[in-house]
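Let me begin by presenting the structure, written as structure tokens, before commenting on it.
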Amino acid sequence: MSASRWSPRRHHPEGITPLEVWNLPVFGRELWELLGSPWVEDDRRAGVPGAKLAARVMLPLAEALSLLVKKHAPDAAYLSGGLAELDGFPAALREATASLRRPVHIALSPRFAPVRAGLRMLEAKGARSPLCVDVGQTSIKLARAGATRVVERNLTTLPPLFIGQPRPADGHHIRDTVAFISGALRTFLAEDSREPPDALCLALPCPLDEALMPGGCTYGFEGTASLVPDILAHAGLPDTGGNVLVLNDAELAAESARRAPQVKGRRVLCLSLGFGPGGALLERG
Numbered sequence: 451m452s453a454s455r456w457s458p459r460r461h462h463p464e465g466i467t468p469l470e471v472w473n474l475p476v477f478g479r480e481l482w483e484l485l486g487s488p489w490v491e492d493d494r495r496a497g498v499p500g501a502k503l504a505a506r507v508m509l510p511l512a513e514a515l516s517l518l519v520k521k522h523a524p525d526a527a528y529l530s531g532g533l534a535e536l537d538g539f540p541a542a543l544r545e546a547t548a549s550l551r552r553p554v555h556i557a558l559s560p561r562f563a564p565v566r567a568g569l570r571m572l573e574a575k576g577a578r579s580p581l582c583v584d585v586g587q588t589s590i591k592l593a594r595a596g597a598t599r600v601v602e603r604n605l606t607t608l609p610p611l612f613i614g615q616p617r618p619a620d621g622h623h624i625r626d627t628v629a630f631i632s633g634a635l636r637t638f639l640a641e642d643s644r645e646p647p648d649a650l651c652l653a654l655p656c657p658l659d660e661a662l663m664p665g666g667c668t669y670g671f672e673g674t675a676s677l678v679p680d681i682l683a684h685a686g687l688p689d690t691g692g693n694v695l696v697l698n699d700a701e702l703a704a705e706s707a708r709r710a711p712q713v714k715g716r717r718v719l720c721l722s723l724g725f726g727p728g729g730a731l732l733e734r735g
């Protein structure tokens, strides 16, 4: 299989502006330190109940929402991502955000809402058999019509590389990342014998310029111009080819807000709560 006929381009969903929220100062720390999932996973393994974890994230989340609402004046807020699936999260959120005086919605399927929105976005552009891949910093979410899958990142073999931390000189972390993402795609396609995909939406957990040059994230692939072509070349995509829309994962999460029937209002603040928080602003025309 070859990806030579798959044409990637930077996609900017209409009315969606990415927001840099991971480093928002909250209680004297950066937001990712308070809402990042690594400590949540450690506490889960230690047997801490989900409701207790939800209560722990709620104070910094409510403060972040308050700061962002004051700055951007949205009509509503919308949350997606794995942290929003913690036990007791909806009730705790309602109580913690009552003073915002505007609705704060949770995606109906917080972990998979973005990839499902990606499928609908491709279908609206004429795709008959779309495929969407949302690369998070702890897992990859994949979706086709009627099928979803999560592939977890092995943090032992593919450890997080934080800001300021040296990158391996031999570049093996980039090769390992390409193998992880393309391998998840290849396995997902091999498990599904239906019509091969004719369009792909690929969301990455980092800033992206028009040439698809990635910015920083914990995979350490910032500045790797060949990242997207290398992923496509090893993903087992069919030779028939197709369009590839590449965007930031917070932009894809905001696309799911656009398509969520419960979310009203012209201006919506969107937060994706995964390994670290991502943000975007949706402004309807």
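Residue numbers (the numbering used here): 451 to 735. Backbone N, C-alpha and C define an ideal beta-carbon position, used for all residues, glycine too.
- Sorting N473, R544, P488, S643 by C-alpha distance to the C-alpha of G596 places S643 at the top.
- A contact between stretches requires three or more CB pairs, one per stretch, nearer than 8 Å, and the segment 501–508 fails this requirement with the segment 519–528.
- Excluding its 5 nearest sequence neighbours in each direction, V519 has C-beta neighbours in its own chain below 8 Å: A527, L550, R552, L719, listed in chain order.
- Excluding the 5 residues flanking it on each side, E573 has same chain C-beta neighbours closer than 8 Å at P580, in chain order.
- Scanning the segment 689–719 for uninterrupted beta strand (DSSP E) segments of 3 residues or longer gives 692–698, listed from N- to C-terminal end.
- Within its own chain, the residues whose Cβ lies closer than 6 Å to the Cβ of G726, once the five positions on either side in sequence are excluded, are W472, W482, G486, listed in chain order.
- A distance below 6 Å between beta-carbons, with the five flanking residues on each side excluded, links A707 to the following residues of its chain, in chain order: Y528, V713, V718, C720, L732.
- Just measuring C-alpha positions, the residue of E641, E513, R460, P458 sitting nearest E480 is E513.
- By the Cβ-count criterion, T627 is buried, with 16 or more other Cβ atoms from all chains shown falling within 10 Å of its own Cβ.
- Every beta strand (DSSP E) of 3 residues or more that sits fully in the segment 523–589 is shown, in chain order, as 526–530, 554–556, 580–585.
- The C-alpha of D584 is placed about 23 Å away from the C-alpha of L511.
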